[in-house]
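**Student:** Chains as they are written, first to last, in our numbering: chain A, 765 to 1065; chain B, 5 to 265. All C-beta atoms, glycine included, are put in the ideal place defined by N, C-alpha and C. Pasting a structure here, questions to come.
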Amino acid sequence: MNAIEIRNLHKDFGEKHAVDGLNMTVPEGAIYGFIGENGSGKSTTEKCICGLIPPTSGEIKLFGKDHKDGEERGKIGVLIEAPGCFPNMSVWNNMKLQAANLGIKNENEEIRRVLHLVRMDGAASNKFKNCSLGMKQRIGIAFALLGDPKLLVLDEPINGLDADGMRIMREILLDLTQNHGCTVLISSHILGELEKIATHYGIIRGGRLLKEMTAQELNASCPTYVHLKAADMNKALAVCNNAFARVEFDEERGEIRIYDKLSAEEAASYLFGNFGIAVTELGTAKISLEEYYIDLMKEGK
Amino acid sequence: MSVNVKNNDFGKRLKTMLRVDFRRMFLTPTVYIMLGVSLALPILILVMTGFMGEADPETGEAVAMFTSVWQAIGSAGGGMSMDLTGMCNINLLYFLVAIFVCVFVGEDFRSGYAKNIFTVRSKKLDYILSKTIVLFTAAVGMFLLFFVGAMIGGSIAGLSFDLAAVGASAGSIIACMISKIFFALVFVSIALTLACVGRQKVWLSVLCTLGAGMLLFTMIPMITPLNAGILHVIMCAAGGALFAVGLGALSNVILNKVSLV
């Protein structure tokens, strides 16, 4: 069964089409990386899923039922934009309110459990407004985790988190999906982090889903390339440009990338054997999600 | 551990929502400020005005503005006098209640807490119903404390407690207070609807509510006089219930149509 199924979703704000005929399928148990530029419609879609804004038209199903179904909505944990906490109230009291909202029986035990998961045990008595950005984000995640939700909708949850926070976040999400059958819809601009955990991807642009694929499909679509550095880079680049179909120069790393189907050794021997260019560094790599995404965006433009 | 919001069971849904709202109300300082003001206001009015007075045009002697403690609750005539005693009485609480409703509801949206509530709860009516009950309870507390404050203030200022002098009886005072409390439901409902319209913009809902309150303000002495009877109680209860149901339905429609974040 799919945790989320969206068909032909539209959301207009006056003349602006924030979401324009979006179709999306998030299988149960998946970590679905929802990627897109700022203003592409990610947050609007997530708000529609959570029932926070009414869609103009279209159909949203949660676990096979309409998204307005109360039973299904009770299964969602959410962190959209910022955690919904009263600033003058302590973290503990804010969580007590949410626990009461969810009708959780052993409130104190459950709050301690989720605060411990995000390593925020010591922050319970702090006023929410006095917490740092990273702490607030962790508390927001703890909020979303209250009551073992079956679906987590997280909008930019790793913004403001330190390296440890990101690691904890990864561990929690992997544990939830692998051991508790939870489904996660996560949007983030930190694609490197997303790449480590996502099992599915959806790339959105201008309110439409450009591409939807599994991590395996992404892996297959990401080409392998040979990267090299040579003693005479200018000459090497000129030679490669003439000899191979797709060659790029990575200015950031100062290396030449050859995307043609050949091994690193073949590239090095071709340069040295035919032109006497000594290769100083050599290797093969796959393009990352970030590069794939940037390429896809460029193609679209 | 699993989420226990049985959304098909109205009773359970309302119970959990009421738990959230009551807990929240008693965790925020605003309610204590409002209750404190309700208690202190009549004491201040009655004690302070005891030292002031207008000069009698014939004798030139100062005449105290409040001669009876019951003037702080209302007048028996039913009409609204435009002097200080007509304005500075228990009816001021309706505005205080309206402001409290707007601030209380607005804070849900300003803080983003509404996201937590409405993600889990697809039925907006739970929210409206719970807020109406909780805020009406707070209003009842405010009215009762004002009454207590008026008694304390009257004692300190040495005012008359004679009911017959103001054309009322113990029964009519009770009926008057019950009518006033029921009529508070009208203000709660109006303020709640306007707070749902304004949402994050608390200033807007406060302004609109005060404007709407001004229209009703002159009616209050007529509907809830000191010599009120059972008819006044029924009228106010019916009015309160009608406003709560009608405007509650309107608020429900509003929340279903607008963005909640």
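Taking C-beta to C-beta, are Gln-901(A) and Gly-867(A) nearer than 8 Å?
**Tutor:** For the purposes of this step, residue 901(A) is taken as the residue at position 137 of the first sequence. For the purposes of this step, residue 867(A) is taken as the residue at position 103 of the first sequence. In this structure, Gly-867(A) does not lie closer than 8 Å to Gln-901(A) by Cβ.
**Student:** Determine the DSSP secondary structure at Asp-166(B), reduced to helix, strand or coil.
**Tutor:** Position 162 of the second sequence, counted from the first residue, corresponds to residue 166(B). Note: Asp-166(B) maps to coil in three-state DSSP.
**Student:** Compile a chain-ordered list of the residues in the region 833–855 of chain A whose CB is closer than 8 Å to at least one CB of chain B.
**Tutor:** Result list: Asp-833, Gly-834, Glu-835, Arg-837, Gly-838, Lys-839, Ile-840, Val-842, Ile-844, Glu-845, Ala-846, Pro-847, Gly-848, Cys-849, Phe-850, Pro-851, Asn-852, Met-853.
**Student:** Leaving out the 5 sequence neighbours to the left and right, which residues in its chain are closer than 6 Å to Leu-129(B) when beta-carbon positions are compared?
**Tutor:** Within the second sequence, residue 129(B) is the residue found at index 125, counting from 1. Cβ within range, chain order: Asn-256.
**Student:** With distances taken between CB atoms, is the gap from Ile-903(A) to Ser-952(A) smaller than 8 Å?
**Tutor:** Your numbering for residue 903(A) matches position 139 in the first sequence. Your numbering for residue 952(A) matches position 188 in the first sequence. Not a contact, by the Cβ cut-off of 8 Å.
**Student:** Would you say Lys-860(A) reaches chain E, if we count a Cβ-Cβ gap shorter than 8 Å as a contact?
**Tutor:** No chain E is part of this structure, whose protein chains are labelled A and B.
**Student:** Specify, as a first and last residue, the run of the beta strand (DSSP E) that Lys-839(A) falls within.
**Tutor:** For the purposes of this step, residue 839(A) is taken as residue 75 along the first sequence, with counting starting at 1. Looking at the DSSP string, Lys-839(A) is not in any beta strand (DSSP E), and its letter there is neither H nor E.
**Student:** I'd like to know whether the C-beta atoms of Ala-926(A) and Gly-886(A) end up nearer to each other than 8 Å.
**Tutor:** Position 162 of the first sequence, counting from 1, holds the residue named residue 926(A). Position 122 of the first sequence, counting from 1, holds the residue named residue 886(A). It is worth fixing the name first, because residue 926(A) is Asp in this sequence and not Ala. Taking 8 Å as the Cβ cut-off, Asp-926(A) and Gly-886(A) do not qualify as a contacting pair.
**Student:** For Ile-94(B), count neighbouring Cβ atoms within 10 angstroms of its own Cβ and tell me buried if that reaches 16, exposed if not.
**Tutor:** Against the second sequence, residue 94(B) aligns to sequence position 90. By the neighbour-count rule (16 or more Cβ atoms within 10 Å), Ile-94(B) is buried.
**Student:** DSSP three-state call for Tyr-1056(A): helix, strand or coil?
**Tutor:** For the purposes of this step, residue 1056(A) is identified with residue 292 of the first sequence, where counting begins at 1. Helix at Tyr-1056(A).
**Student:** Would you kindly report the start and end of the unbroken beta strand (DSSP E) that includes Leu-992(A)?
**Tutor:** For the purposes of this step, residue 992(A) is taken as the residue at position 228 of the first sequence. That run of the beta strand (DSSP E) goes 988–994.
**Student:** Can you check DSSP and say which residues form a bridge with Leu-826(A)?
**Tutor:** The sequence position of residue 826(A) within the first sequence is 62, counting from 1. Note: Leu-826(A) sits in a beta bridge opposite Ile-768(A), Lys-829(A).
**Student:** Give a yes or no on whether the minimum CB-CB distance between Cys-814(A) and chain B is below 8 Å.
**Tutor:** Reading the first sequence from its first residue, position 50 is the one you call residue 814(A). So yes, Cys-814(A) belongs to the interface.
**Student:** If you drop the 5 nearest sequence neighbours on each side, which residues of the same chain put their C-beta closer than 6 Å to that of Phe-191(B)?
**Tutor:** Sequence index remark: in the second sequence, residue 191(B) carries index 187 (1-based). The residues are Tyr-98, Val-101, Ala-102.
**Student:** So is Lys-893(A) buried or exposed if we call it buried at 16+ other beta carbons inside 10 Å?
**Tutor:** As a position in the first sequence, residue 893(A) is number 129, starting the count at 1. Exposed, since its Cβ has fewer than 16 Cβ neighbours within 10 Å.
**Student:** So what's Glu-835(A) in DSSP terms, helix, strand or just coil?
**Tutor:** Indexing the first sequence from 1 puts residue 835(A) at position 71. Note: Glu-835(A) maps to helix in three-state DSSP.
**Student:** Look at the alpha carbon of Arg-771(A) and the alpha carbon of Asp-833(A), and state the distance between them as a whole number of angstroms.
**Tutor:** Looking up residue 771(A) in the first sequence gives position 7. Looking up residue 833(A) in the first sequence gives position 69. When rounded, the distance between both Cα atoms is 17 Å.
**Student:** Does DSSP put Ala-1009(A) in a helix, a strand or coil?
**Tutor:** For the purposes of this step, residue 1009(A) is taken as residue 245 along the first sequence, with counting starting at 1. Three-state result, Ala-1009(A): coil.
**Student:** Considering Ala-1049(A), what are the terminal residues of the beta strand (DSSP E) in which it resides?
**Tutor:** Here residue 1049(A) is taken as the residue at index 285 of the first sequence, counted from 1. Residues 1043–1050.
**Student:** Give, in chain order, every residue of the region 858–889 of chain A whose Cβ lies closer than 9 Å to some Cβ of chain B.
**Tutor:** For the region 858–889 of chain A, which is checked against every Cβ of chain B, the residues closer than 9 Å are Asn-858, Lys-860, Leu-861, Gln-862, Ala-864, Asn-865, Leu-866, Gly-867, Ile-868, Lys-869, Asn-870, Glu-873, Glu-874, Arg-877.
**Student:** Report yes or no: do the region 201–209 of chain B and the region 43–55 of chain B share at least 3 C-beta pairs separated by less than 8 Å?
**Tutor:** Output reads no: the region 43–55 of chain B does not touch the region 201–209 of chain B.
**Student:** Does the CB of Val-257(B) have a neighbour CB from chain A at under 8 Å?
**Tutor:** Looking up residue 257(B) in the second sequence gives position 253. Not one chain A Cβ lies under 8 Å of Val-257(B).
**Student:** Would you tell me roughly how many angstroms separate the C-alpha atoms of Leu-918(A) and Tyr-1056(A), rounded to the nearest one?
**Tutor:** Counted from its first residue, the first sequence places residue 918(A) at position 154. Counted from its first residue, the first sequence places residue 1056(A) at position 292. Near 23 Å, if we compare the C-alpha coordinates of Tyr-1056(A) and Leu-918(A).
**Student:** Does Ile-817(A) get closer than 8 Å to chain B when you measure Cβ to Cβ?
**Tutor:** On the first sequence, position 53 is the one that residue 817(A) refers to. Ile-817(A) counts as touching chain B.
**Student:** Indicate the three-state DSSP secondary structure (helix, strand or coil) for Arg-876(A) in the structure shown.
**Tutor:** Taking the first sequence and counting its residues from 1, the one referred to as residue 876(A) is at position 112. Correct three-state label for Arg-876(A): helix.
**Student:** Here's the rule: buried if 16 or more other CB atoms are within 10 angstroms of the residue's CB, otherwise exposed. What is Gln-942(A)?
**Tutor:** The residue labelled residue 942(A) in the question sits at position 178 within the first sequence. Its Cβ having fewer than 16 others within 10 Å, Gln-942(A) is exposed.
**Student:** Can you find a CB in chain B that lies within less than 8 Å of the CB of Phe-798(A)?
**Tutor:** Position 34 of the first sequence, counted from the start, is the residue given in the question as residue 798(A). Chain B, which has no Cβ nearer than 8 Å to the Cβ of Phe-798(A), makes this no.
**Student:** If we ignore side chains and look at the alpha-carbon of each, how far apart do Met-5(B) and His-880(A) end up?
**Tutor:** Mapped onto the second sequence, residue 5(B) falls at position 1. Mapped onto the first sequence, residue 880(A) falls at position 116. Since pLDDT at Met-5(B) reaches only 49, below the 50 mark, its modelled position is unreliable, and the value read off the structure follows with that caveat. So the alpha carbons of these two residues sit roughly 16 Å apart.
**Student:** Interface residues of chain B around Phe-1013(A) at Cβ under 9 Å?
**Tutor:** On the first sequence, residue 1013(A) is found 249 positions in, with the first residue counted as 1. Within chain B, no residue comes near Phe-1013(A); the closest Cβ sits about 45 Å away, beyond 9 Å.
**Student:** Does DSSP put Lys-780(A) in a helix, in a strand, or in coil?
**Tutor:** Taking the first residue of the first sequence as 1, we reach residue 780(A) at position 16. In the structure shown, Lys-780(A) sits in a strand (DSSP, three-state: E or B).
**Student:** Does DSSP put Leu-816(A) in a helix, a strand or coil?
**Tutor:** Counting from 1 along the first sequence, the entry for residue 816(A) is found at position 52. The answer is coil: DSSP assigns Leu-816(A) none of H, G, I, E or B.
**Student:** Which residue's Cα is closest to the Cα of Tyr-796(A): Ser-1027(A), Glu-959(A), Phe-1036(A)?
**Tutor:** Here residue 796(A) is taken as the residue at index 32 of the first sequence, counted from 1. Of the candidates Ser-1027(A), Glu-959(A), Phe-1036(A), the one whose C-alpha sits nearest the C-alpha of Tyr-796(A) is Glu-959(A).
**Student:** For the alpha helix (DSSP H) containing Tyr-98(B), name the first residue and the last one.
**Tutor:** The residue you call residue 98(B) lines up with position 94 of the second sequence. Where Tyr-98(B) is concerned, the enclosing alpha helix (DSSP H) stretches over 96–115.
**Student:** Under a CB-based cut-off of 8 Å, is Lys-811(A) close to chain B?
**Tutor:** Along the first sequence, one-based indexing puts residue 811(A) at 47. So yes, Lys-811(A) belongs to the interface.
**Student:** Given that a residue counts as buried once 16 or more other Cβ atoms are within 10 Å of its Cβ, and exposed if not, what is Asn-865(A)?
**Tutor:** Counted from its first residue, the first sequence places residue 865(A) at position 101. Buried: at least 16 other Cβ atoms inside 10 Å.
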